[in-house]
Amino acid sequence: MLNALTRRAWLRAASAALLLLGAGCATPPPQQALPPIVFVHGNGDSAAQWTTMLWRFESNGWPRERLHAIDLPYPLARDEDDKPQPGRSSSDEHMRALAAEVDQVLKATGAAKLVLYGSSRGANAIRNYVDNGGGAAKVSHAILGGG
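Quick note: my numbering has the sequence shown finishing at residue 240, numbered continuously throughout.
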């Protein structure tokens with residue numbers, strides 16, 4: 094049986110070994126393991142809305158080249174979606190612009206799938222793209238806020 098002094102020394106050595114092994118687990122994943130993220134703004138907004146969010150992701154180790162914020166054309170919604178209105182866009186136009194951005198980001202990063210993060214009308218564009226625009230095959234996660 095181990096005496097108290099030997100037991101303490103053994104526990105210290107085991108604790109030190111566990112700490113060293115645990116330190117190796119704290120290393121960040123390779124940058125290729127982090128999926129690209131596309132941030133999608135809401136009605137009347139722009140990609141600039143996401144600047145602080147991009148900085149937060151970067152400060153937590155996300156590579157800048159895997160963070161994208163789209164500027165959707167004519168960000169204001171039409172009064173009636175199926176009737177053309179100058180300076181405003183339809184839900185379908187938003188979906189097609191998002192689909193083009195997704196294809197561009199996947200090509201640029203070499204990723205198979207990406208994450209979409211949207212607020213308000215951007216969340217609606219994401220939902221429309223995933224459900225009706227072929228996005229389910231290209232999107233690993235969709236985070237929808239207020240849509």
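Yeah, the Cβ is synthetic: ideal placement off N, Cα and C, and Gly gets one too.
Quantities reported herein were computed from a predicted structural model and do not represent experimental measurements.
Looking at the secondary structure, which residues open and close the alpha helix (DSSP H) in which Y222 lies? R214 to N225
Leaving out five residues on either side along the sequence, give the residues of the same chain with a beta carbon under 7 Å from the beta carbon of D172. Annotation for D172: Q178 place their beta carbon closer than 7 Å to its own, counting only its chain and skipping 5 residues before and after.
Could you pull out every residue in the same chain whose Cβ sits closer than 6 Å to the Cβ of F150, ignoring the five residues on either side in sequence? L160
Please confirm if the segment 140-156 is in contact with the segment 218-229, defined as three or more CB-CB distances below 8 Å between the two stretches. The answer is no - the segment 218-229 does not touch the segment 140-156, with fewer than three Cβ pairs under 8 Å.
What residues are listed by DSSP as bridge partners for A235? A235 is bridged to L209.
Alpha-carbon spacing of Y210 relative to P156, whole angstroms: Answer to the nearest angstrom: the Cα atoms are 16 Å apart.
Can you check whether the CB of A162 is closer than 9 Å to the CB of N136? no
Taking the alpha carbon of A205 as the point to measure from, which residue in H234, N153, F132 and S213 has its own alpha carbon closest? H234
How far does the beta strand (DSSP E) with H161 in it extend, from its first residue to its last? L160 to I163
Just list the residues that DSSP pairs V131 with in beta bridges. DSSP, once it has assigned bridges, lists H161 and L209 as partnering V131.
Of the residues L207, A201, A216 and V133, the one placed nearest D164, counting alpha carbons only: V133
Given a cut-off of 9 Å, decide if Y222 and L191 are closer than it, judged by their beta-carbon atoms. yes
Classify E158: buried if its beta carbon has 16 or more other beta carbons within 10 angstroms, exposed otherwise. exposed
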